[in-house]
Structures are given as C-alpha cells and as structure tokens.
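The next block holds one structure in the form of structure tokens; read it before the comments.
2 protein chains.
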Amino acid sequence: MTNTSVLNTGIRNARNVSRYLYGQGAIVDLAGIIANRRGTSTAPAVFFIDSFFELHGLPQKLDAVAHDDHVIYVDTINEPTTDQINLLKNQLVKVCKETPCAIVGIGGGITMDITKAVSNLLTNGGNAEDYQGWDLVKVPGIFKIAVPTISGTGAESTRTCVMTNPSSGLKLGMNSDFTVYDQIILDPDLTRTVLHNQYFYTGMDAYIHCMESLNGSYRNAIGDAYSDQTIRLCRDVFLGDAMMSDENRAKLMVASYLGGCAIATSYVGVVHPFSAGLSVVLGIHHCVANCIVMRAMEQFYPEGYREFWQMVEYQGVAIPEGICRDLTDEQHDRLYESTVIHQKPLINALGENYKDILTREKAKEIFLKM
Amino acid sequence: MTNTSVLNTGIRNARNVSRYLYGQGAIVDLAGIIANRRGTSTAPAVFFIDSFFELHGLPQKLDAVAHDDHVIYVDTINEPTTDQINLLKNQLVKVCKETPCAIVGIGGGITMDITKAVSNLLTNGGNAEDYQGWDLVKVPGIFKIAVPTISGTGAESTRTCVMTNPSSGLKLGMNSDFTVYDQIILDPDLTRTVLHNQYFYTGMDAYIHCMESLNGSYRNAIGDAYSDQTIRLCRDVFLGDAMMSDENRAKLMVASYLGGCAIATSYVGVVHPFSAGLSVVLGIHHCVANCIVMRAMEQFYPEGYREFWQMVEYQGVAIPEGICRDLTDEQHDRLYESTVIHQKPLINALGENYKDILTREKAKEIFLKM
Numbered sequence: 001m002t003n004t005s006v007l008n009t010g011i012r013n014a015r016n017v018s019r020y021l022y023g024q025g026a027i028v029d030l031a032g033i034i035a036n037r038r039g040t041s042t043a044p045a046v047f048f049i050d051s052f053f054e055l056h057g058l059p060q061k062l063d064a065v066a067h068d069d070h071v072i073y074v075d076t077i078n079e080p081t082t083d084q085i086n087l088l089k090n091q092l093v094k095v096c097k098e099t100p101c102a103i104v105g106i107g108g109g110i111t112m113d114i115t116k117a118v119s120n121l122l123t124n125g126g127n128a129e130d131y132q133g134w135d136l137v138k139v140p141g142i143f144k145i146a147v148p149t150i151s152g153t154g155a156e157s158t159r160t161c162v163m164t165n166p167s168s169g170l171k172l173g174m175n176s177d178f179t180v181y182d183q184i185i186l187d188p189d190l191t192r193t194v195l196h197n198q199y200f201y202t203g204m205d206a207y208i209h210c211m212e213s214l215n216g217s218y219r220n221a222i223g224d225a226y227s228d229q230t231i232r233l234c235r236d237v238f239l240g241d242a243m244m245s246d247e248n249r250a251k252l253m254v255a256s257y258l259g260g261c262a263i264a265t266s267y268v269g270v271v272h273p274f275s276a277g278l279s280v281v282l283g284i285h286h287c288v289a290n291c292i293v294m295r296a297m298e299q300f301y302p303e304g305y306r307e308f309w310q311m312v313e314y315q316g317v318a319i320p321e322g323i324c325r326d327l328t329d330e331q332h333d334r335l336y337e338s339t340v341i342h343q344k345p346l347i348n349a350l351g352e353n354y355k356d357i358l359t360r361e362k363a364k365e366i367f368l369k370m
Numbered sequence: 371m372t373n374t375s376v377l378n379t380g381i382r383n384a385r386n387v388s389r390y391l392y393g394q395g396a397i398v399d400l401a402g403i404i405a406n407r408r409g410t411s412t413a414p415a416v417f418f419i420d421s422f423f424e425l426h427g428l429p430q431k432l433d434a435v436a437h438d439d440h441v442i443y444v445d446t447i448n449e450p451t452t453d454q455i456n457l458l459k460n461q462l463v464k465v466c467k468e469t470p471c472a473i474v475g476i477g478g479g480i481t482m483d484i485t486k487a488v489s490n491l492l493t494n495g496g497n498a499e500d501y502q503g504w505d506l507v508k509v510p511g512i513f514k515i516a517v518p519t520i521s522g523t524g525a526e527s528t529r530t531c532v533m534t535n536p537s538s539g540l541k542l543g544m545n546s547d548f549t550v551y552d553q554i555i556l557d558p559d560l561t562r563t564v565l566h567n568q569y570f571y572t573g574m575d576a577y578i579h580c581m582e583s584l585n586g587s588y589r590n591a592i593g594d595a596y597s598d599q600t601i602r603l604c605r606d607v608f609l610g611d612a613m614m615s616d617e618n619r620a621k622l623m624v625a626s627y628l629g630g631c632a633i634a635t636s637y638v639g640v641v642h643p644f645s646a647g648l649s650v651v652l653g654i655h656h657c658v659a660n661c662i663v664m665r666a667m668e669q670f671y672p673e674g675y676r677e678f679w680q681m682v683e684y685q686g687v688a689i690p691e692g693i694c695r696d697l698t699d700e701q702h703d704r705l706y707e708s709t710v711i712h713q714k715p716l717i718n719a720l721g722e723n724y725k726d727i728l729t730r731e732k733a734k735e736i737f738l739k740m
C-alpha cells in the first residue's frame, strides 16, 4: 500500500453522516423525521436540549415532542464526564418502558457529544468509560439526530464524542463509526441567539483544526479539500463585516460540518494538544482554550497566527490573557504531561522527535505566553 | 413529469455515500471490504468492470475476485439503456445461486450507473423502466461499491443512475436514496491511463455543473460550498502545468466526489439541457456534449465561458466543432424539444418564463454555434 495511511486506528475508511438536511427553519422537519422512526411503535423519543433553550425557547415551537417522549435539558457549564453519561443512561433505562426510537441532541458540542455517547451506551450496555478509545463500540446505537445550535466544533459530523473520566483523568472519546450521526439538521436560524464571543471561539475551532491539518505532514487530497473550503468560509465570516448576519451564520454552519468531515482523514497539530492541557488542568472549555493557545503559536503557525489575530481584532473579541501566569510548578508539570501525551498530532506537526522540541522548559515558556 | 435526471424537489434531506476510502493504491482494500460482506455466506460478489481494463489490466492485481464471483466487462461505447440493465439483471438472476453479497462497479459514469441500477433491480424486482423517476425504488439494493477509474461525473456520490428507454426515448435515472453507494474507493492511481481528451471532457463535467449551480437562482450555503471547492480544484488541475500529474489526478478525483455532493442540493442550468439534447438526438456522450455546448454559452455564462476556453487552450484539448451544421429541420425540432423539456434547470438559470428566452429560433441559433 503506497501512502497516506493517514490516520490512527482504522479511520482510513471514513464514515459519513447518513443524511443532512440543510435550510433556514429546517428544524420544523424534525417532527416528520421522528414520526418516520416511530412508525407504528409506541417507543418514545429522547431529546437532549441545551438548557439555554429551556429559558429562551427555540426559534420554532418544537412540535416534534410527543406525549411519552423524554426531554432532558443539558447544562453546559462543564464539559461531559463519563459519570454524567452513565447517570443519564441509567435515568433513561429507568423511565423508558421501551428502547427509544430516536435520540435527538439540540445544542452545541457538549449536547451533541452527550447524545452520541448515550445512544451508544443504551444499546451496547456497560459504562461510558468502557468505550473510551478506538472502535470499542460493538453494535449501532439508537438512531441519533443532531441539531446544532452553535457552529464550529464539527461534533455533528465526527466519529467521536469527547468525555473525561474523573477518576482516571482520561479525556478521550468513543471513537467509532457507530458514533457518527444518522441524521443532522443544519438550521442556521438556531445560531441567531449565540453570544458574540462564544460565536467566535466556537467558530474558530473549525478554522484552527483545519489550519493545523493543512500545516501537518500527514496530508491527503480529500482532507485538504475539506480543510481548504472550511478555512475560506471562516475567512468570509470573520473577516467580513457582520459575522452573525444570516448569510454568515449559514456559512459558518456549513464550515463546521465540512470541518468535521476534514477531521475524518486528517490530524490536528500543536494547538489542540496545548488546548487539551488547559482543559484538563484548568478546566477551560475547548474552544476558548484553543483561542488562548493561539497567543503562543506564532513560531509554529506564523500565517495562521497573523490571520487569527486579524480576525480577533476585526470582530472585537476578548481572548482571556495571562491565565498561566501564577501557576505552581506542579501545575506546569501537569500541563506539560497532558500536552505531550497527544502523540499523533504532535508528530504530525513536529515530527517523531517532537519531545526534543517541546521540552518541559519550552512548554512552560509557551504556556506563560498565554 | 420528465425533466432532467439531476434534481427535483424531494432532495432536501440529502443522503451521503455511507463510507469513502481515499488513497493511492486504495483498491487493494477492496478484497477486505468484500470479505466483510461475505462473512460466512457463500453468496458471490458481482463485478462490473469497464472493458478497457479487460485489455489493459488494473494497476493492482484484483485479488478481490473469488472463485464463485461473477465478473462482467462493460462496454462503454453507448450510454446505458433500460434494455441493457434488464438483460444484465436477468443474466445475474440466472447464474447466481444466491443473492450476491456485494456488487462492485469499477469504471466511469457508465459502469457506476449500471452497477447502481442492477443493484436496485436485483432486490426490487421488475424492469429498469419501472424505476425511472423519483423515489420509486422501494427497498435497499444489493450492497454496492464504486471504484471510479475516471473523474468528473460524480456518479460515485449522486442518487441517480442515468439510462435511456429506447422504446419511449425517455432519458431519466432511478432517483432514489437507495441509489447512493454504500462504499466508494477513491484511488487516484486508477486514472493514470485515461486518454488526454477524455480526462478533460469528463473532468469538466464537475466544473460545468458546479458553475451552473453557482450561477442559478436556487442556491444554498452547503451546495455553494461544495461547488466552490470543486471549481477551485478544477482550476488547480486544468490551469496547472500537468493536468494528469499524481497530485492533479488526486485533486480531480476529489473534485468529482465533491461535485457529486454539490448536485444533491442544487440545480444545473443551461448547459446540461442543451447537452442532453445532443445526447438524445445525436447520441453524443454526456461529457464531450457538455464541452461542445460551451461553444455557445458566452451569453449565459460569460466568466465560465472565458475560463473554460482558457482551460481548453492551456491543455491543448480538441473539442468537436460544427456538429449541428448540417442537420435537418426535423432534427432541430427534436433538439429543441429535448432541451426545453428540462424545466427545473432552465427555470433555475433563466426564470419561469425561460421559453420566452429560449424560443425555437433562439435554440437553433445556439445549436448552430456549436
């Protein structure tokens, strides 16, 4: 076999989301899609919905929910843990008399990842931590539908769902073809109410992971094409005059989906490992953590660095600063360990001997720039 | 009822190819993929292979074929007919003791379309002409795998398979979610032996249908993103110095796939209806017919026209000329009828009253420019 066995375990043969429905107001079609799943059965549908919408309501009245369905609002203060997934799964097993006919995630990366994990767990049994890794899920999950309400992470199109095991500290998803959504509904009306800074942080996740891919050494023409188009769309949005106009929200929703597709056959680079360090040690959310890391990335990605800060300035976005200034040596040690553990992306960016470049001192220096 | 095979309404919820495997030499993985389908069964696999490879061999020895499998070489002199599909289906019913475990198409648009149609027919029964139209296929076909050996049509990623009914003259595909491939293998090594002109004609199918989409009035952000990236890749390939270098063949294979995805949520325009006229009345193959039509498209697509002819010149490609010069009035009448029948694309390009623009005289004038 000649080349680019690009990815770690077994993602050479990429699984697509089965169906995507795109359009302003497309969420109204959710009712019909779930009705098809119900058929003549009495099995309920389950809805995980970002708790923001409990307070503020969705743009369209959600007439997809039937009498016996279960709606669970998801608090997004913390990123998902295995304990939380197990709890949600056990709760559903208790209240659902039948196996659900569908499970729907309406929200951002956290909500979409929880939906994926619970879907897998309901049919595979056991606990979430049993499936952290690659291709450990054995049978298809419950039919799952994503309705993203913020754009950027690509959780709607990837084969993973990130979660942390609080006992072991392991932050790792259920990487599996069975984790990919059966249906996604891309309705740009749903991102209208996202807060300015959050819209930027999350959108930049797509930009950053594609920028890392295109600068890596493991490349292939299809991953490159997805990354290239994602970056162009992000440029239109974040170097344009109204990043949250109808047109730009539509573009960013597409960028998020295509950026997720790009991940299927490519690797990230230096940003994501450092960002993971910030998340694991300091509990900082993934997307804002990426942006913070960009403070120290000029040496690795000079062009991406320049463009990123141009976008920040253009959109008047606040990126937290100085967050590693007062950390202890022990905290810096943990930051280092939880960064260099990400071998594949760091090899992609820096080569096999990446630890010669990213020494403990060098990593500390980088964290101090944030 | 009869308009183009390309688009109609019910495609809002787009079905993706289930899995794609990309890479130089990736065809070697075909054996493993089929082995998974066989499992412990003794059901054979069926291979439709472009007859070119009977003479010249595939770049990799095709060790995917087992003893009881059926290999059928496909002659690509003419585009598929319903009679041909029925014949192939009946032949397989006769020789296969069990329902095949998989059906593989190795070739260009013709071979890939035949594979789709026979796959549907083997499980749905009846004749090919029963399923010409929209969503008439009732159950999934045999698990089907495409291995394109030329790039451009996007047959590997679309939900149709074009065929002509010789009795009725109807050229229309089985437009159905069940027509979409379960697996595609994108191996750019396989396009190495394509002839210069044919490589150009077929590649330009992707460029042209995306150019038409982006100039139409029915637009959406996801179709636009696919079209935009497809056109960029075509520019790299056809305005580059070696359109058939390893890198450019890889890019064109990706462009073909993404261009097929673009079709899922968008319409073509003026080129494809005129091209269909040439195919139906004069029997000219689809891709070269598109290129011939471009001789007369300056008024509708001035920028696309300019860029197309720039590419033709740059690559030193021969485009047939003067093919409508000596036609009878009756032939011109038939050309007109088989062009204006394509309502949706023509409305997309010219508006509801497209027949006011495309009068019989105007159409003749356009055909005479070719």
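Quick note, the sequences are listed as chains C and G, same order. Under the working numbering, the residue at position 212 of the first sequence is numbered 212, and the numbers go up by one with no gaps. Under the working numbering, the residue at position 165 of the second sequence is numbered 535, and the numbers go up by one with no gaps. Note that CB positions come from ideal geometry on N, CA and C, so glycine has one too.
Hey, could you find the ends of the beta strand (DSSP E) Gly524 (chain G) is sitting in? The residue given as residue 524 (chain G) occupies position 154 in the second sequence. Element bounds for Gly524 (chain G): n/a, residue is neither H nor E.
For Val118 (chain C), which of helix, strand or coil comes out of DSSP? To locate residue 118 (chain C), count along the first sequence from 1; it is residue 118. Here Val118 (chain C) sits in helix by DSSP.
Can you list the beta strand (DSSP E) stretches of 3 or more residues lying completely in the region 161 to 210 of chain C, in chain order? Within the region 161 to 210 of chain C, the complete beta strand (DSSP E) runs of at least 3 residues fall at 183 to 186.
Taking the alpha-carbon positions, what's the Glu365 (chain C) to Leu335 (chain C) distance? Here the question's residue 365 (chain C) lines up with position 365 in the first sequence. Here the question's residue 335 (chain C) lines up with position 335 in the first sequence. Annotation: Glu365 (chain C) to Leu335 (chain C) spans about 12 Å, alpha carbon to alpha carbon.
Neighbour flag for Arg12 (chain C) against chain G, beta carbons, 8 Å: What you label residue 12 (chain C) is simply residue 12 of the first sequence in a count that begins at 1. Yes - at least one Cβ of chain G is within 8 Å of the one on Arg12 (chain C).
Residues near Val281 (chain C) by beta carbon distance below 7 Å, same chain, minus five either side: Position 281 of the first sequence holds residue 281 (chain C). So the qualifying residues of the chain are Gln331, Arg334, Leu335, Ser338.
For Phe644 (chain G), collect the residues of the same chain with a Cβ closer than 6 Å to its Cβ; drop the 5 residues on either side in sequence, then sort them by chain order. Locating residue 644 (chain G) in the second sequence gives position 274, counting from the first residue. Only Val663, Thr709 meet the Cβ criterion.
Could you say if the region 411 to 423 of chain G and the region 380 to 390 of chain G meet the contact criterion of at least three C-beta pairs nearer than 8 Å? Between the region 411 to 423 of chain G and the region 380 to 390 of chain G there are fewer than three C-beta pairs closer than 8 Å, too few to call the two in contact.
How big is the Cα-Cα spacing for Ile103 (chain C) and Pro302 (chain C)? By one-based count along the first sequence, residue 103 (chain C) stands at place 103. By one-based count along the first sequence, residue 302 (chain C) stands at place 302. Each residue's Cα considered, the two are about 43 Å apart.
For the beta strand (DSSP E) holding Glu510 (chain G), just list the boundary residues, first then last. Counting from 1 along the second sequence, the entry for residue 510 (chain G) is found at position 140. The question names Glu, but residue 510 (chain G) is Pro in the sequence shown. Per DSSP, Pro510 (chain G) belongs to no beta strand (DSSP E) and is neither H nor E.
How many angstroms separate the CA atom of Leu377 (chain G) from the CA atom of Ile397 (chain G)? Here the question's residue 377 (chain G) lines up with position 7 in the second sequence. Here the question's residue 397 (chain G) lines up with position 27 in the second sequence. Because Leu377 (chain G) carries a pLDDT of 38, less than 50, the predicted location of this residue cannot be relied on, and no value is offered for it.
Starting from the beta carbon of Arg389 (chain G), find every residue of chain A whose beta carbon is closer than 9 Å, and list them in chain order. Included in the structure are the protein chains C and G, with no chain A among them.
In terms of residue numbering, what span does the beta strand (DSSP E) encompassing Tyr392 (chain G) cover? Counted from its first residue, the second sequence places residue 392 (chain G) at position 22. For Tyr392 (chain G), the enclosing beta strand (DSSP E) stretches over residues 389 to 392.
Between the CA atoms of Ile208 (chain C) and Ile442 (chain G) - distance to the nearest angstrom: The sequence position of residue 442 (chain G) within the second sequence is 72, counting from 1. The sequence position of residue 208 (chain C) within the first sequence is 208, counting from 1. If I take the Cα positions, the gap works out to 47 Å.
Three Cβ pairs or more, each shorter than 8 Å: is that satisfied between the region 179 to 195 of chain C and the region 147 to 161 of chain C? Using a C-beta cut-off of 8 Å, the region 179 to 195 of chain C makes contact with the region 147 to 161 of chain C, since at least three inter-stretch Cβ pairs fall below that distance.
Could you give the residue range of the beta strand (DSSP E) that holds Val46 (chain C)? The residue given as residue 46 (chain C) occupies position 46 in the first sequence. Residues 45 to 50.
Taking a contact to mean a Cβ-Cβ separation below 8 Å, would you say Tyr218 (chain C) touches Cys261 (chain C) in this structure? Indexing the first sequence from 1 puts residue 218 (chain C) at position 218. Indexing the first sequence from 1 puts residue 261 (chain C) at position 261. Against a cut-off of 8 Å, the Cβ pair of Cys261 (chain C) and Tyr218 (chain C) comes out as no contact.
Beta-carbon neighbours of Gln229 (chain C), restricted to chain G and to distances below 9 Å: If you number the first sequence from 1, residue 229 (chain C) lands on position 229. Listed by position along chain G, the residues whose Cβ is nearer than 9 Å to that of Gln229 (chain C) are Ala595, Tyr596, Asp598, Gln599, Arg602, Leu628.
With a cut-off of 8 Å, do at least 3 Cβ pairs link the region 160 to 168 of chain C to the region 80 to 91 of chain C? Cβ pair count under 8 Å is three or more, so yes.
Beta-carbon within less than 8 Å of Glu468 (chain G)'s beta-carbon, same chain only, minus the 5 sequence neighbours each way: which residues are those? Along the second sequence, one-based indexing puts residue 468 (chain G) at 98. Ser411, Thr412, Ala413, Pro414, listed in sequence order.
Hey, does Tyr671 (chain G) have any beta-carbon neighbour from chain C nearer than 8 Å? What you label residue 671 (chain G) is simply residue 301 of the second sequence in a count that begins at 1. It does not: the Cβ of Tyr671 (chain G) has no partner Cβ on chain C nearer than 8 Å.
Do three or more CB pairs link the region 504 to 512 of chain G to the region 597 to 616 of chain G at distances below 8 Å? Below 8 Å, too few C-beta pairs join the region 504 to 512 of chain G and the region 597 to 616 of chain G to call them touching: fewer than three.
Return no unless some Cβ of chain C is closer than 8 Å to the Cβ of Ile592 (chain G). Along the second sequence, read from residue 1 onward, the residue named residue 592 (chain G) stands at position 222. So yes, Ile592 (chain G) belongs to the interface.
Between the C-alpha atoms of Asn197 (chain C) and Pro59 (chain C), what's the straight-line distance to the nearest angstrom? As a first step, residue 197 (chain C) is located in the first sequence; it is residue number 197 there, counting from the start. As a first step, residue 59 (chain C) is located in the first sequence; it is residue number 59 there, counting from the start. Asn197 (chain C) and Pro59 (chain C): Cα-Cα distance of roughly 21 Å.
Does the beta carbon of Val194 (chain C) come closer than 8 Å to any beta carbon on chain G? Within the first sequence, residue 194 (chain C) is the residue found at index 194, counting from 1. Not closer than 8 Å to any Cβ of chain G, the Cβ of Val194 (chain C) fails to qualify, so no.
Looking only at C-alpha atoms, which of G:Val564, G:Ser636, G:Ala659 sits nearest to Asp616 (chain G)? Numbered from 1 along the second sequence, position 246 holds the residue referred to as residue 616 (chain G). Of the candidates G:Val564, G:Ser636, G:Ala659, G:Val564 places its Cα closest to the Cα of Asp616 (chain G).
Own chain, CB closer than 8 Å to Ser375 (chain G), minus 5 neighbours either side, in chain order: For the purposes of this step, residue 375 (chain G) is identified with residue 5 of the second sequence, where counting begins at 1. Low confidence applies to Ser375 (chain G): its pLDDT is 32, below 50, so where it sits in the model is not reliable enough to give any reading.
Considering only residues of the same chain and omitting the five flanking positions on each side of Leu350 (chain C), which have a CB-CB separation below 6 Å? Along the first sequence, read from residue 1 onward, the residue named residue 350 (chain C) stands at position 350. Counting only Cβ-Cβ distances below 6 Å, and skipping sequence neighbours, we find Ile357.
Could you check whether the Cβ of Thr265 (chain C) sits closer than 8 Å to any Cβ belonging to chain G? Reading the first sequence from its first residue, position 265 is the one you call residue 265 (chain C). Judged by the 8 Å Cβ criterion, Thr265 (chain C) is in contact with chain G.
When DSSP builds the beta bridges, which residues end up paired with Val71 (chain C)? For this step, residue 71 (chain C) is matched to residue 71 along the first sequence. Paired residue(s): C:Phe47.
Buried or exposed: which applies to Glu499 (chain G), given that a residue is buried once 16 or more other Cβ atoms fall within 10 Å of its Cβ? Here residue 499 (chain G) refers to the residue found at position 129 when the second sequence is read from its first residue. Glu499 (chain G) is buried by the Cβ-count criterion.
Can you give me the C-alpha to C-alpha distance between Val629 (chain G) and Lys725 (chain G), rounded to a whole angstrom? Sequence index remark: in the second sequence, residue 629 (chain G) carries index 259 (1-based). Sequence index remark: in the second sequence, residue 725 (chain G) carries index 355 (1-based). What sits at residue 629 (chain G) in the sequence shown is Gly, not Val. Distance between the alpha carbons of Gly629 (chain G) and Lys725 (chain G): 28 Å.
Quick one: list the residues of chain G neighbouring Lys251 (chain C), beta-carbon separation under 9 Å, in chain order. Taking the first sequence and counting its residues from 1, one reaches residue 251 (chain C) at position 251. Those within 9 Å of Lys251 (chain C) in chain G are Ala591, Asp594, Ala595.
Alpha carbon of Met370 (chain C) to alpha carbon of Tyr314 (chain C), nearest angstrom: Position 370 of the first sequence, counted from the first residue, corresponds to residue 370 (chain C). Position 314 of the first sequence, counted from the first residue, corresponds to residue 314 (chain C). Taking the straight line from one Cα to the other gives about 20 Å.
Report buried or exposed for Leu55 (chain C), applying the criterion of at least 16 other Cβ atoms within 10 angstroms of its Cβ. Taking the first residue of the first sequence as position 1, residue 55 (chain C) is located at position 55. Classification for Leu55 (chain C): exposed.
Same chain, Cβ closer than 8 Å to Phe238 (chain C), neighbours up to 5 away in sequence not counted: To locate residue 238 (chain C), count along the first sequence from 1; it is residue 238. Once the five neighbours on either side are set aside, the close Cβ partners of Phe238 (chain C) are Phe200, Gly203, Met204, Tyr207, Met311, Tyr314, Gln315.
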